[in-house]
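Visitor: The listed protein sequences correspond, in order, to chains A and B.
FYI, the numbering used here numbers position 269 of the first sequence as 269, with every residue one higher than the one before it.
FYI, the numbering used here numbers position 255 of the second sequence as 255, with every residue one higher than the one before it.
Don't be surprised by glycine CBs; every beta carbon is placed ideally from N, CA and C.
A quick note: this is a predicted structure, and the numbers were derived from the prediction, not measured.
Number of protein chains: 2
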Amino acid sequence: MTEIARGLEGVKFAQTRLSKVDGQAGQLTIGGYPLEALAPNACFEEVLFLLWNDRLPGSAELNALKHDLAARRALPMAAGAVLREAAARKLPIMDALRMGIDTIGLCSDEPHPAGQVDVGCAVALVAHMPTVAAAYWRLLHGLEPIDARPDLDHAANYLYMLDGREPHPEAARALETYFNTVVDHGMNASTFTARVITSTRSDIVSAIVGAIGALKGPLHGGAPGPALDMVFEIRARAARSGDSVAQEADRWVRETIESGGRIMGFGHRVYKVRDPRADVLGLAAQRMFSVTGESRLYEDARVVEEVALRVLEELKPGRNLKTNVEFYTALVLHGIGLEVAMFTPTFAVGRVGGWTAHVLEQVRDDRLIRPDAEYVGATGRAWVPADRR
Amino acid sequence: MTEIARGLEGVKFAQTRLSKVDGQAGQLTIGGYPLEALAPNACFEEVLFLLWNDRLPGSAELNALKHDLAARRALPMAAGAVLREAAARKLPIMDALRMGIDTIGLCSDEPHPAGQVDVGCAVALVAHMPTVAAAYWRLLHGLEPIDARPDLDHAANYLYMLDGREPHPEAARALETYFNTVVDHGMNASTFTARVITSTRSDIVSAIVGAIGALKGPLHGGAPGPALDMVFEIRARAARSGDSVAQEADRWVRETIESGGRIMGFGHRVYKVRDPRADVLGLAAQRMFSVTGESRLYEDARVVEEVALRVLEELKPGRNLKTNVEFYTALVLHGIGLEVAMFTPTFAVGRVGGWTAHVLEQVRDDRLIRPDAEYVGATGRAWVPADRR
Numbered sequence: 001m002t003e004i005a006r007g008l009e010g011v012k013f014a015q016t017r018l019s020k021v022d023g024q025a026g027q028l029t030i031g032g033y034p035l036e037a038l039a040p041n042a043c044f045e046e047v048l049f050l051l052w053n054d055r056l057p058g059s060a061e062l063n064a065l066k067h068d069l070a071a072r073r074a075l076p077m078a079a080g081a082v083l084r085e086a087a088a089r090k091l092p093i094m095d096a097l098r099m100g101i102d103t104i105g106l107c108s109d110e111p112h113p114a115g116q117v118d119v120g121c122a123v124a125l126v127a128h129m130p131t132v133a134a135a136y137w138r139l140l141h142g143l144e145p146i147d148a149r150p151d152l153d154h155a156a157n158y159l160y161m162l163d164g165r166e167p168h169p170e171a172a173r174a175l176e177t178y179f180n181t182v183v184d185h186g187m188n189a190s191t192f193t194a195r196v197i198t199s200t201r202s203d204i205v206s207a208i209v210g211a212i213g214a215l216k217g218p219l220h221g222g223a224p225g226p227a228l229d230m231v232f233e234i235r236a237r238a239a240r241s242g243d244s245v246a247q248e249a250d251r252w253v254r255e256t257i258e259s260g261g262r263i264m265g266f267g268h269r270v271y272k273v274r275d276p277r278a279d280v281l282g283l284a285a286q287r288m289f290s291v292t293g294e295s296r297l298y299e300d301a302r303v304v305e306e307v308a309l310r311v312l313e314e315l316k317p318g319r320n321l322k323t324n325v326e327f328y329t330a331l332v333l334h335g336i337g338l339e340v341a342m343f344t345p346t347f348a349v350g351r352v353g354g355w356t357a358h359v360l361e362q363v364r365d366d367r368l369i370r371p372d373a374e375y376v377g378a379t380g381r382a383w384v385p386a387d388r389r
Numbered sequence: 001m002t003e004i005a006r007g008l009e010g011v012k013f014a015q016t017r018l019s020k021v022d023g024q025a026g027q028l029t030i031g032g033y034p035l036e037a038l039a040p041n042a043c044f045e046e047v048l049f050l051l052w053n054d055r056l057p058g059s060a061e062l063n064a065l066k067h068d069l070a071a072r073r074a075l076p077m078a079a080g081a082v083l084r085e086a087a088a089r090k091l092p093i094m095d096a097l098r099m100g101i102d103t104i105g106l107c108s109d110e111p112h113p114a115g116q117v118d119v120g121c122a123v124a125l126v127a128h129m130p131t132v133a134a135a136y137w138r139l140l141h142g143l144e145p146i147d148a149r150p151d152l153d154h155a156a157n158y159l160y161m162l163d164g165r166e167p168h169p170e171a172a173r174a175l176e177t178y179f180n181t182v183v184d185h186g187m188n189a190s191t192f193t194a195r196v197i198t199s200t201r202s203d204i205v206s207a208i209v210g211a212i213g214a215l216k217g218p219l220h221g222g223a224p225g226p227a228l229d230m231v232f233e234i235r236a237r238a239a240r241s242g243d244s245v246a247q248e249a250d251r252w253v254r255e256t257i258e259s260g261g262r263i264m265g266f267g268h269r270v271y272k273v274r275d276p277r278a279d280v281l282g283l284a285a286q287r288m289f290s291v292t293g294e295s296r297l298y299e300d301a302r303v304v305e306e307v308a309l310r311v312l313e314e315l316k317p318g319r320n321l322k323t324n325v326e327f328y329t330a331l332v333l334h335g336i337g338l339e340v341a342m343f344t345p346t347f348a349v350g351r352v353g354g355w356t357a358h359v360l361e362q363v364r365d366d367r368l369i370r371p372d373a374e375y376v377g378a379t380g381r382a383w384v385p386a387d388r389r
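Have a look at this one:
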């Protein structure tokens, strides 16, 4: 009667065709494709089309979507003023992203009628996310925003808007692989937020703004920064001591665990045998670093990873703490040239593909999401006026 | 295994001390008080204090909260620009409310640490809601926003900011009773949205912005407008035909039901014997109209209600379609002088009291809310490059 499904863990509320997280097998399926087949091969626009249409686009469809996205990249008018004031107040990037996207407002005049879908609004939202993130990052650093380049694809243009230079193709490819890897991941809190808002027949901008707000929370948006800090700190110690990175990594991991600390970038709530996203991003990092010339960092990270896995197995046997998505996210995004403060906003730039697809799926489902709670407060209190309390 | 709790109906995910909806008994408890004891007696600031602290304030505490709210009413700087552009685009009021509140940004620099609560942010959010709603309503009508009056209480100042006139005390009292009546109502979709966002340890502004987006949806924010339209249409017919309002109401209700239409303002998903909010608002309407001089409209509405209840019982026996909150909401808000377009935004101005209280409760609970979904899509699709699709 009063059984409580705390946090709704394990409670299924709907059906989805978008992604499947199989923790026991260590597999992630996105739009029917194993992550390993999709993420390194597809451009981000292909994955967007896949999630919105449940099939990959033909060449003409792909070009049309690329063109459509490129045509909707300009910063919304009101967003400029909002972002400048946010920068003056030094607000966190995720807040500015939420505010900036919020100003887009409705794409059409009315809340969606039951069961109807406007994919154009989804395109506009996906197109605007990198523009707002990059513009705010520059304003925060005292720089003027850079206009989008319509000839560049989605990922490459994001990097271009950050520093005004056309990115190395391998950096853009690594970013696309990252976007594809994080674009959707079952029923996480931000995706669920977007679906709850949509379930009232509200609009897609409201849904995505809510999702950005949820992703901002540190229990969700993650903290890939510390995993990279660990690698850098171990390298610095090795440089000082003259010992190898492997020796310093061994010491660092033991010290951290023995003092009760947590090794960031290892272990996952669901994936117990492997996190498939770590493998995909590890390969993406290897490919990028071998071309862009920082392969020494990549090799050191691999050494740290191997040592950490070995020491974790020794000190926490049976816990199966495998490399998770955060470890290689940090390496890939750093290699692309992004600051740690841009990691979660860049996550949002990729994840909006999944959010919009879930909104479209929820529109078709058209069922209000409204759980219950157990009331444990007082009842029957008698009113007493303020002067007699 | 794959049982799906569609819409999470009846699934309890947490405990709450804030409100209890007892549909079988037709009772609503808010902060331990029966609605009938609280809503007509308390000022809105007392109810806010009650929800945030689980007890009514003493006189000094009440004055301190009133002062605190009054001091935080000014329109946030960036909101002005956003609202002006929204007005130029004629965006719906709920969108402008969401955008304007979004610009408040963080009240403190950091996401809340686990279990910590900053009530100051809740005060700021509640204080800003009427300012943003009133300012946008005026901009939409080509009028300049009116500065808040710190000497007026929350409800009276809202009405003052709409038209620059100090409201009749009975109008302010009726609005307060309305706010108190709708301030919280169990685990509805907007309240749940605020709790999901908070559960990631995100900030309270993100949570409230998400809640506004959810309330905007017509399945949630409701449609009190049509209930009033019905009364006006029946009156107009009576004026034309010379028949009584009761006779025209009888005809109108029969025609509507026989042509498959729905009588707005009657029937509720949960309340089967009575909607306690309708009773409280009915009394508030009676009191206000008897003083402000439109008591004829009130009497006609009562007649329409009686006829509708009788005909509904005759044509849909056993369905127990009782007067719901929307019927008297429309009458009260119209009597106060609000346009129909302001009904849902005004609902939000009251409900933010409950949203903020739920955020504070969820912060203390500190449990990530993340349900599951059943995957029904394809698996094991093989990658084919675009030129071979």
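If I measure Cβ to Cβ from V231 (chain B) and keep anything under 7 Å in the same chain, skipping five residues before and after, which residues do I get?
Guide: For this step, residue 231 (chain B) is matched to residue 231 along the second sequence. Once the five neighbours on either side are set aside, the close Cβ partners of V231 (chain B) are D300, A301 and V304.
Visitor: Beta carbons nearer than 8 Å to chain A: which residues of the segment 9-34 of chain B have them?
Guide: Flagged, chain order: E9, G10, V11, K12, F13, A14, Q15, T16, R17, L18, S19, K20, T29, G31, G32, Y33 and P34.
Visitor: Which residues mark the beginning and the end of the beta strand (DSSP E) in which T346 (chain A) is found?
Guide: Counted from its first residue, the first sequence places residue 346 (chain A) at position 346. Looking at the DSSP string, T346 (chain A) is not in any beta strand (DSSP E); the run it does join, the alpha helix (DSSP H), is F343 to D365.
Visitor: Any contact of the segment 158-175 of chain B with the segment 316-323 of chain B, i.e. 3+ C-beta pairs under 8 Å?
Guide: Touching, no, given that fewer than three Cβ pairs across the two stretches are closer than 8 Å.
Visitor: Using a Cβ cut-off of 7 Å (strictly closer), state whether M161 (chain A) contacts chain B.
Guide: Position 161 of the first sequence, counting from 1, holds the residue named residue 161 (chain A). Taking Cβ atoms only, chain B never reaches closer than 7 Å to M161 (chain A), which makes this a no.
Visitor: Given that a residue counts as buried once 16 or more other Cβ atoms are within 10 Å of its Cβ, and exposed if not, what is K90 (chain B)?
Guide: Taking the first residue of the second sequence as 1, we reach residue 90 (chain B) at position 90. With fewer than 16 other Cβ atoms within 10 Å, it is exposed.
Visitor: Give the secondary structure of D109 (chain B) by DSSP, where H, G and I count as helix, E and B as strand, and everything else as coil.
Guide: Numbered from 1 along the second sequence, position 109 holds the residue referred to as residue 109 (chain B). Because D109 (chain B) sits at a pLDDT of 47, beneath the cut-off of 50, its placement in the model cannot be relied upon, and the point is left open.
Visitor: Would you say M1 (chain A) faces chain B, with C-beta separation under 7 Å as the test?
Guide: As a first step, residue 1 (chain A) is located in the first sequence; it is residue number 1 there, counting from the start. Residue placement at M1 (chain A) cannot be trusted, given a pLDDT of 48 that sits under 50; the coordinates are not used to answer.
Visitor: Are L215 (chain B) and A348 (chain B) close, meaning C-beta to C-beta below 7 Å?
Guide: For this step, residue 215 (chain B) is matched to residue 215 along the second sequence. For this step, residue 348 (chain B) is matched to residue 348 along the second sequence. Cβ distance < 7 Å, so L215 (chain B) and A348 (chain B) count as in contact.
Visitor: Quick check on P276 (chain B): does DSSP put it in helix, strand or coil?
Guide: Here residue 276 (chain B) corresponds to residue number 276 of the second sequence, with the count starting at 1. P276 (chain B): helix per DSSP, three-state reduction.
Visitor: For L50 (chain B), which residues from the same chain have a beta carbon less than 6 Å from its beta carbon, with the 5 sequence-adjacent residues on both sides left out?
Guide: In the second sequence, counting from the first residue as 1, residue 50 (chain B) sits at position 50. Same-chain partners within the cutoff: G31 and L56.
Visitor: Taking Cβ-Cβ distances shorter than 8 Å, what residues in chain B pair up with V77 (chain A)?
Guide: Reading the first sequence from its first residue, position 77 is the one you call residue 77 (chain A). Reading off the sequence shown, one finds Met at residue 77 (chain A), where the question assumed Val. Near M77 (chain A) (Cβ distances below 8 Å), the residues of chain B are E85.
Visitor: Residues of chain B with CB under 9 Å from N41 (chain A), in chain order?
Guide: For the purposes of this step, residue 41 (chain A) is identified with residue 41 of the first sequence, where counting begins at 1. Correct list: W383 and P385.
Visitor: First and last residue of the beta strand (DSSP E) that includes Y375 (chain B)?
Guide: Position 375 of the second sequence, counted from the start, is the residue given in the question as residue 375 (chain B). That run of the beta strand (DSSP E) goes D372 to Y375.
Visitor: Would you call the segment 204-213 of chain B and the segment 99-106 of chain B in contact, with 3 or more CB pairs under 8 Å?
Guide: Segments in contact, yes.
Visitor: Report yes or no: do the segment 367-378 of chain A and the segment 179-191 of chain B share at least 3 C-beta pairs separated by less than 8 Å?
Guide: Yes, since at least three Cβ pairs between the segment 367-378 of chain A and the segment 179-191 of chain B fall closer than 8 Å, the two stretches touch.
Visitor: Any residues in the segment 248-268 of chain B with a beta carbon nearer than 8 Å to a beta carbon of chain A? Which ones, in chain order?
Guide: Hits within the stretch: zero.
Visitor: S202 (chain B) CB to nearest chain A CB: under 7 Å?
Guide: As a working mapping, residue 202 (chain B) is identified with position 202 in the second sequence. Yes, because at least one Cβ of chain A sits closer than 7 Å to the Cβ of S202 (chain B).
Visitor: Report the residue ranges of all beta strand (DSSP E) runs contained in full by the segment 131-190 of chain B; include only those spanning at least 3 residues, in chain order.
Guide: If we require 3 residues or more, the segment 131-190 of chain B turns out to have no beta strand (DSSP E) run fully inside it.
Visitor: With a cut-off of 7 Å, does the C-beta of V196 (chain A) fall near any C-beta of chain B?
Guide: The count along the first sequence starts at 1 and reaches residue 196 (chain A) at position 196. Answer yes: the Cβ-Cβ gap between V196 (chain A) and chain B drops below 7 Å somewhere.
Visitor: Using beta carbons (cut-off 7 Å, strictly below), is T344 (chain A) in contact with chain B?
Guide: Here the question's residue 344 (chain A) lines up with position 344 in the first sequence. No, its Cβ sits nowhere closer than 7 Å to a Cβ of chain B.
Visitor: Just list the residues that DSSP pairs V21 (chain B) with in beta bridges.
Guide: Reading the second sequence from its first residue, position 21 is the one you call residue 21 (chain B). The partner list for V21 (chain B) (beta bridge, DSSP) reads B:L28.
Visitor: Residues in its own chain within less than 6 Å of A87 (chain B) by CB, not counting five upstream and five downstream?
Guide: Residue numbering aside, residue 87 (chain B) sits at position 87 when the second sequence is read from its first letter. Counting only Cβ-Cβ distances below 6 Å, and skipping sequence neighbours, we find L139 and L140.
Visitor: For K322 (chain B), go through chain A and note every residue whose CB falls closer than 9 Å to its CB, in chain order.
Guide: Your numbering for residue 322 (chain B) matches position 322 in the second sequence. Per Cβ cutoff of 9 Å: no residues; K322 (chain B) is ~21 Å from chain A at best.
Visitor: Mind checking if G377 (chain B) is an interface residue toward chain A, Cβ cutoff 7 Å exclusive?
Guide: For the purposes of this step, residue 377 (chain B) is identified with residue 377 of the second sequence, where counting begins at 1. Judged by the 7 Å Cβ criterion, G377 (chain B) is in contact with chain A.
Visitor: Taking C-beta pairs closer than 8 Å, name the residues in chain B that T193 (chain A) reaches, listed in chain order.
Guide: By 1-based counting over the first sequence, the position of residue 193 (chain A) is 193. The contacting residues are T193, V196, I197 and G210.
Visitor: Note down the Cα distance separating G350 (chain B) from A81 (chain A), rounded to an integer number of angstroms.
Guide: The sequence position of residue 350 (chain B) within the second sequence is 350, counting from 1. The sequence position of residue 81 (chain A) within the first sequence is 81, counting from 1. So the two alpha carbons sit approximately 29 Å from each other.
Visitor: Using C-beta distances below 6 Å, list every residue in its chain close to Y406 (chain A), excluding the 5 sequence neighbours before and after it, in chain order.
Guide: The structure shown does not extend to residue 406 (chain A), since chain A is modelled only from 1 through 389, so no value can be given for it.
Visitor: Excluding the 5 residues preceding and the 5 following L69 (chain A) in the sequence, name in chain order all residues of the same chain whose CB lies nearer than 7 Å to its CB.
Guide: One-based indexing of the first sequence puts residue 69 (chain A) at position 69. The answer, listed in chain order, is E45, V123, V126, A127 and H154.
Visitor: Spatial neighbours of Y328 (chain A) within its chain, please: C-beta separation below 7 Å, excluding the five flanking residues on both sides.
Guide: In the first sequence, residue 328 (chain A) corresponds to position 328, counting from 1. Answer for Y328 (chain A): A278, L281, G282 and A285, listed in chain order.
Visitor: Would K216 (chain B) pass as an interface residue toward chain A - the criterion being a Cβ-Cβ separation below 7 Å?
Guide: Position 216 of the second sequence holds residue 216 (chain B). Yes, contact with chain A.
Visitor: How close, in whole Å, do the beta carbons of A39 (chain A) and N180 (chain A) come, if the pair is a contact with beta carbons under 8 Å?
Guide: If you number the first sequence from 1, residue 39 (chain A) lands on position 39. If you number the first sequence from 1, residue 180 (chain A) lands on position 180. Indeed they touch by this definition, with Cβ atoms about 4 Å apart.
Visitor: Distance check for V183 (chain B) and A133 (chain A), CA to CA, integer angstroms please.
Guide: Along the first sequence, read from residue 1 onward, the residue named residue 133 (chain A) stands at position 133. Along the second sequence, read from residue 1 onward, the residue named residue 183 (chain B) stands at position 183. Cα to Cα, A133 (chain A) sits roughly 36 Å from V183 (chain B).
Visitor: With 8 Å as the limit, tell me which residues of the segment 92-103 of chain B have their beta carbon closer than that to any beta carbon of chain A; keep them in chain order.
Guide: Flagged, chain order: P92, D95, R98, M99, D102 and T103.
Visitor: Alpha carbon to alpha carbon, what distance is there between R367 (chain B) and E233 (chain B)?
Guide: Within the second sequence, the letter at position 233 stands for residue 233 (chain B). Within the second sequence, the letter at position 367 stands for residue 367 (chain B). Distance between the alpha carbons of E233 (chain B) and R367 (chain B): 50 Å.
Visitor: In chain B, what lies closer than 7 Å to N188 (chain A) by C-beta?
Guide: The residue labelled residue 188 (chain A) in the question sits at position 188 within the first sequence. Here the neighbours are R370.
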